[in-house]
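Per the UniProt record's numbering, the sequence shown runs over residues 1 to 258.
Virtual Cβ for every residue (Gly too), placed ideally from N, Cα, C.
Just so it is clear, the structure is predicted and the values come from calculations on it, not from any experiment.
The next block holds one structure in the form of structure tokens; read it before the comments.
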Amino acid sequence: MSSFQINVYSAQERIDYLLSLGVKHTDIRRILLRQPQILEYTVENNLKTHVAFLMGLGVPSSKLGQIIASTPSIFSYSVENSLKPTVRYLIEEVGIKEKDLGKVIQLSPQILVQRIDISWNTRFMFLTKELGAPKESIVKMVTKHPQLLHYSIDDGLLPRINFLRSIGMKNADILKILTSLTQVLSLSLEANLKPKYLYLVNELHNEVKSLTKYPMYLSLSLEQRIRPRHAFLVSLKKAPKGPFPLGSLVPTDEAFCQ
């Protein structure tokens with residue numbers, strides 16, 4: 001057998017292994033473009049070792065393909081010298097509970113391959129100084145939405161915090177909302193947060209303070225959930241004349257119709 005045939009066979013072996021983990025055929029090309037070294041890694045000594053590491057942290061086998069497609073560079077990091085120390089840091093320094101590691105990694109696999117000490121310290125100091133956030137609240141935010149560690153402070157976190165301040169929220173209210181619904185920090189100001197705020201005040205006749213009780217409102221689609229439900233209850237003449245009950249926007253369509 002020629003060396004070319006051996007190389008083709010070896011490459012196919014690695015691709016077949018990735019497919020067996022749940023990586024989609026459509027993602028293989030993108031993975032190889034981003035991390036062509038995967039074709040050089042052995043299945044037994046590299047790929048399987050990394051997969052076992054992920055599963056040992058609580059990542060279910062059904063999510064492996066998704067994680068690999070998202071962060072194929074994970075295979076280039078040593079399990080012993082890089083990945084395990086990062087996990088130790090997440091547990092011992094950040095404060096993430098071991099039982100939550102699998103969920104955190106599913107939400108943001110990149111957390112394993114970035115300089116976690118720098119990203120954690122800068123955001124921890126910022127949220128502590130800016131909002132007076134205690135560590136336990138920040139840990140809850142990171143556990144629910146670990147993407148927080150990737151967001152720019154100047155272009156991501158601060159503008160959204162300042163927006164919430166501009167509509168009348170105090171730091172304690174902002175902290176309550178962010179601890180409950182950290183993904184607010186990922187929402188577009190112009191296309192998402194501002195239109196929902198204007199609809200809340202002008203159409204639903206609610207005060208801003210109602211968001212501390214129903215922060216989920218900010219995560220709902222204005223066009224597909226909030227506006228249609230409001231219009232439906234108005235058409236049935238079941239909408240109150242005073243503040244619209246935000247709780248009626250939260251249930252699923254099936255539960256709402258019942």
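Original post:
Alpha carbon to alpha carbon, how far is residue 143 from residue 29?
Top reply: Near 31 Å, if we compare the C-alpha coordinates of residue 29 and residue 143.
Original post:
First and last residue of the alpha helix (DSSP H) that includes residue 302?
Top reply: Residue 302 lies beyond the residue range present for the chain, which begins at 1 and ends at 258; the question has no answer from this structure.
**OP:** Measure the alpha-carbon distance for residue 229 versus residue 247 and round it to whole angstroms.
**Re:** Cα to Cα, residue 229 sits roughly 11 Å from residue 247.
Original post:
Do residue 34 and residue 72 have their C-beta atoms within less than 8 Å of each other?
Top reply: Yes.
**OP:** Classify residue 7 as helix, strand or coil using the three-state DSSP reduction.
**Re:** In this structure, residue 7 counts as helix in the three-state DSSP scheme.
Subject >> Distance, residue 192 Cα to residue 147 Cα >> reply: Within the model, the alpha-carbon separation for residue 147 versus residue 192 is close to 18 Å.
Original post:
To the nearest angstrom, how far is it from the Cα of residue 120 to the Cα of residue 47?
Top reply: Between residue 120 and residue 47, the C-alpha separation is close to 28 Å.
Original post:
Taking just the CA atoms, how far does residue 61 sit from residue 156?
Top reply: Approximately 33 Å between the Cα atoms of the pair.
Original post:
Between residue 231 and residue 165, what straight-line distance do the alpha-carbon atoms span, to the nearest angstrom?
Top reply: Near 29 Å, if we compare the C-alpha coordinates of residue 165 and residue 231.
**OP:** Return the CA-CA distance between residue 210 and residue 79, expressed in angstroms with no decimal places.
**Re:** About 47 Å.
**OP:** Please go through the stretch 181-215 and give each complete alpha helix (DSSP H) segment of 4 or more residues, from N-terminal end onward.
**Re:** Counting only runs of 4+ residues, the alpha helix (DSSP H) found wholly inside the stretch 181-215 occupies 194-202, 210-213, in chain order.
Original post:
Which residues in the same chain have their Cβ closer than 7 Å to the Cβ of residue 249, if we skip the five residues on either side of it in sequence?
Top reply: Here the set comprises 217, 220, 225, 226, 229.
Original post:
Is the beta carbon of residue 204 sitting closer than 8 Å to the one on residue 244?
Top reply: Contact flag set, yes.
**OP:** Just tell me which of 12, 252, 213 has its CA closest to the CA of residue 169.
**Re:** Selected option, being the one with the closest Cα: 213.
Original post:
Between residue 97 and residue 180, what straight-line distance do the alpha-carbon atoms span, to the nearest angstrom?
Top reply: Distance between the alpha carbons of residue 97 and residue 180: 18 Å.
**OP:** Kindly provide the ranges of any alpha helix (DSSP H) runs that are 4 or more residues long and lie completely inside the stretch 51-137, ordered along the chain.
**Re:** Counting only runs of 4 or more, we get 64-70, 84-89, 101-107, 116-131.
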